[in-house]
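**Q**
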Amino acid sequence: MVPDPLIQGPAPRTKAVHPFRLSSDTMPNPILTILHQPNSNPGRVGAMLRARGHALDRRCPLHGDALPDDLSGYAGTVIFGGPMSANDDHLPGLRAELTLIERALAKDHPLFGICLGAQMMARVLGGRVARRPDEAVEVGYYPIHGTPEGRRLGLFDEGGMCVYQWHQEGFDLPAGARLLARGQTYPNQAFTTGRAAYGIQFHPEVTHEMMERWMAKAAHMLSWPGARDAAAHRADRLRHDAKLGRWLTRFLDHWPATA
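Counting from 1, position 208 in the sequence shown corresponds to residue 208 in full-length UniProt numbering; the numbering is continuous, with no gaps.
#1: Within 10 Å of its beta-carbon, does residue 253 have 16 or more other beta-carbons around it, so buried, or fewer, so exposed?
#2: Three or more beta-carbon pairs under 8 Å between the stretch 181 to 198 and the stretch 144 to 155, yes or no?
#3: Kindly give me the distance between the Cβ atoms of residue 124 and residue 168, rounded to whole angstroms, as I take these residues to be in contact under 8 Å.
#4: Taking only beta-carbon positions, decide if residue 127 is within less than 9 Å of chain C.
#5: Starting from the Cα of residue 85, find the closest Cα among 43, 120, 49 and 38 and give me that residue.
#6: Would you report the Cα separation of residue 62 and residue 171, rounded to the nearest angstrom?
#7: Just the C-alpha distance for residue 16 and residue 65, rounded to the nearest angstrom, thanks.
#8: Taking the straight line between their C-alpha atoms, what separation do you get for residue 56 and residue 89?
#9: Shortest alpha-carbon distance to residue 204 belongs to which of 222, 153, 161 and 218?
#10: Nearest to residue 215 by alpha carbon, out of 198, 233, 225 and 199?
#11: Buried or exposed: which applies to residue 188, given that a residue is buried once 16 or more other Cβ atoms fall within 10 Å of its Cβ?
#12: With DSSP as the reference, label residue 147 as helix, strand or coil.
#13: On the DSSP bridge list, what partners appear for residue 178?
#14: With a 10 Å radius around its C-beta and 16 neighbouring C-beta atoms as the bar for buried, classify residue 27 as buried or exposed.
#15: Buried or exposed: where does residue 99 fall if 16 or more other Cβ atoms within 10 Å of its Cβ makes it buried?
#16: Give me the Cβ distance between residue 71 and residue 109, rounded to the nearest whole Å; I'm assuming they're in contact under 8 Å.
#17: For residue 58, report the span of its beta strand (DSSP E) as first-last.
#18: Which of helix, strand or coil does DSSP assign to residue 245?
#19: Taking residue 231 as the reference, give the member of 118, 190 and 139 with the closest Cα.
#20: Restricting to runs no shorter than 4 residues, where is the alpha helix (DSSP H) found entirely within the UniProt domain "Glutamine amidotransferase" (71 to 212)?
#21: When the distance is taken between beta carbons, is residue 30 closer than 9 Å to residue 74?
#22: Given this structure, state the Cα-to-Cα distance separating residue 93 from residue 150, to the nearest angstrom.
#23: Is it right to say residue 194 is buried, meaning 16 or more other beta carbons lie within 10 angstroms of its own, or is it exposed?
#24: Buried or exposed: which applies to residue 209, given that a residue is buried once 16 or more other Cβ atoms fall within 10 Å of its Cβ?
#25: Using a threshold of 9 Å, state whether the C-beta atoms of residue 82 and residue 112 are closer than that.
#26: For residue 49, which residues of its own chain have a beta-carbon under 6 Å away from its beta-carbon, when the five flanking residues on both sides are left out?
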């Protein structure tokens with residue numbers, strides 16, 4: 001969950017067509033990036049993908065952008081977080097994303113879902129997305145640990161790490177998916193399915209500026225059960241962000257090349 005103002009109904013359409021020129025044969029194929037607010041940006045994930053030579057095709061379907069019918073010209077698709085729930089079927093843009101995820105999974109198209117993106121992937125695969133019965137949230141830095149499968153793939157270390165979280169819902173592990181990392185409050189923190197589809201509950205894309213903006217826009221969430229206060233966000237970022245950045249570098253060295 002990203003702390004932008006919650007959308008209460010279908011968003012107004014701003015564009016019916018979103019043309020994008022795919023890269024030439026001499027350049028890496030572009031990455032489709034799906035965001036959920038007009039002012040959202042792909043942060044550190046976007047910067048690292050661009051540094052690897054990928055152009056980014058930015059779409060915001062909840063605000064009128066059409067999603068491509070054909071994903072074959074893209075190296076992969078990243079679906080970012082947002083303030084809505086993966087269960088918000090009243091939002092046409094979200095329904096369009098669920099349809100795209102279903103098509104992408106059927107064709108083994110490389111997917112990378114972050115927070116809401118991972119929850120939508122889990123839902124398409126048959127997993128439940130819901131709040132905890134005690135309504136505890138993860139807002140701030142929390143430890144996660146790699147599973148044997150996560151360590152086997154070289155994506156998570158046995159010693160674990162603290163990652164930045166901002167969500168009030170979690171997902172059940174879908175049938176057939178492989179769990180890569182566990183947490184305490186929300187046990188399912190990362191999974192993979194197929195050849196190159198990955199979902200993570202945490203936010204490696206967040207820059208310091210993004211963190212400050214989220215805390216300003218959703219200050220009320222810092223007092224929710226289980227959330228860390230603003231001082232802890234800032235102190236923990238100094239302690240843990242470098243390792244999270246190194247994890248993201250390692251992950252993007254692995255994805256989408258695994259397809």
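Built from N, CA and C at the ideal position, the CB exists for glycine as well.
**A** Reading off the structure:
#1: Residue numbering aside, residue 253 sits at position 253 when the sequence shown is read from its first letter. Label assigned to residue 253: exposed.
#2: For the pair of segments examined, the stretch 181 to 198 was found to touch the stretch 144 to 155: the number of CB pairs separated by less than 8 Å reaches three.
#3: As a first step, residue 124 must be located in the sequence shown, where it is residue number 124. As a first step, residue 168 must be located in the sequence shown, where it is residue number 168. For residue 124 against residue 168, the beta-carbon gap comes to about 20 Å, at or over 8 Å, which does not count as contact.
#4: The question asks about chain C, but that chain is absent: this structure has only one protein chain.
#5: What you label residue 85 is simply residue 85 of the sequence shown in a count that begins at 1. Distances from the alpha-carbon of residue 85 to those of 43, 120, 49 and 38 put 120 closest.
#6: Numbered from its first residue, the sequence shown carries residue 62 at position 62. Numbered from its first residue, the sequence shown carries residue 171 at position 171. Cα to Cα, residue 62 sits roughly 22 Å from residue 171.
#7: For the purposes of this step, residue 16 is identified with residue 16 of the sequence shown, where counting begins at 1. For the purposes of this step, residue 65 is identified with residue 65 of the sequence shown, where counting begins at 1. Here the model assigns residue 16 a pLDDT of 43, short of 50, so the residue's position is not dependable and the matter cannot be decided.
#8: Residue mapping note: residue 56 aligns to position 56 of the sequence shown, counting from 1. Residue mapping note: residue 89 aligns to position 89 of the sequence shown, counting from 1. In this model, residue 56 and residue 89 are separated by some 27 Å (Cα to Cα).
#9: Indexing the sequence shown from 1 puts residue 204 at position 204. For the options 222, 153, 161 and 218, the alpha carbon positioned closest to that of residue 204 is the one of 161.
#10: Reading the sequence shown from its first residue, position 215 is the one you call residue 215. Nearest option by C-alpha distance: 233.
#11: Stepping through the sequence shown from its first residue, residue 188 is reached at position 188. Taking a 10 Å sphere around the C-beta of residue 188, we find 16 or more other C-beta atoms and assign the residue as buried.
#12: Your numbering for residue 147 matches position 147 in the sequence shown. Assignment of residue 147 by DSSP, reduced to helix, strand and coil, places it in the coil class.
#13: Numbered from 1 along the sequence shown, position 178 holds the residue referred to as residue 178. 192.
#14: For the purposes of this step, residue 27 is identified with residue 27 of the sequence shown, where counting begins at 1. Exposed.
#15: Residue numbering aside, residue 99 sits at position 99 when the sequence shown is read from its first letter. Exposed: under 16 other Cβ atoms inside 10 Å.
#16: Against the sequence shown, residue 71 aligns to sequence position 71. Against the sequence shown, residue 109 aligns to sequence position 109. About 5 Å separates the two Cβ atoms, so the contact holds.
#17: In the sequence shown, residue 58 corresponds to position 58, counting from 1. Per DSSP, residue 58 belongs to the beta strand (DSSP E) from 56 to 59.
#18: Within the sequence shown, residue 245 is the residue found at index 245, counting from 1. Of the three classes helix, strand and coil, the one that applies to residue 245 here is helix, per DSSP.
#19: As a first step, residue 231 must be located in the sequence shown, where it is residue number 231. Out of 118, 190 and 139, 139 has the C-alpha closest to the C-alpha of residue 231.
#20: Entirely contained in the UniProt domain "Glutamine amidotransferase" (71 to 212), the alpha helix (DSSP H) runs reaching 4 residues are, in chain order, 92 to 106, 116 to 124 and 148 to 152.
#21: Translated into positions along the sequence shown, residue 74 becomes position 74. Translated into positions along the sequence shown, residue 30 becomes position 30. Yes, these two residues count as a Cβ contact at 9 Å.
#22: In the sequence shown, counting from the first residue as 1, residue 93 sits at position 93. In the sequence shown, counting from the first residue as 1, residue 150 sits at position 150. C-alpha separation (whole angstroms): 32 Å.
#23: Position 194 of the sequence shown, counted from the first residue, corresponds to residue 194. Residue 194 should be labelled buried.
#24: Here residue 209 refers to the residue found at position 209 when the sequence shown is read from its first residue. The residue in question, residue 209, is exposed, as its Cβ has fewer than 16 Cβ neighbours within 10 Å.
#25: Locating residue 82 in the sequence shown gives position 82, where the first residue counts as 1. Locating residue 112 in the sequence shown gives position 112, where the first residue counts as 1. The answer is no: Cβ separation not under 9 Å.
#26: Taking the first residue of the sequence shown as 1, we reach residue 49 at position 49. The answer, listed in chain order, is 31.
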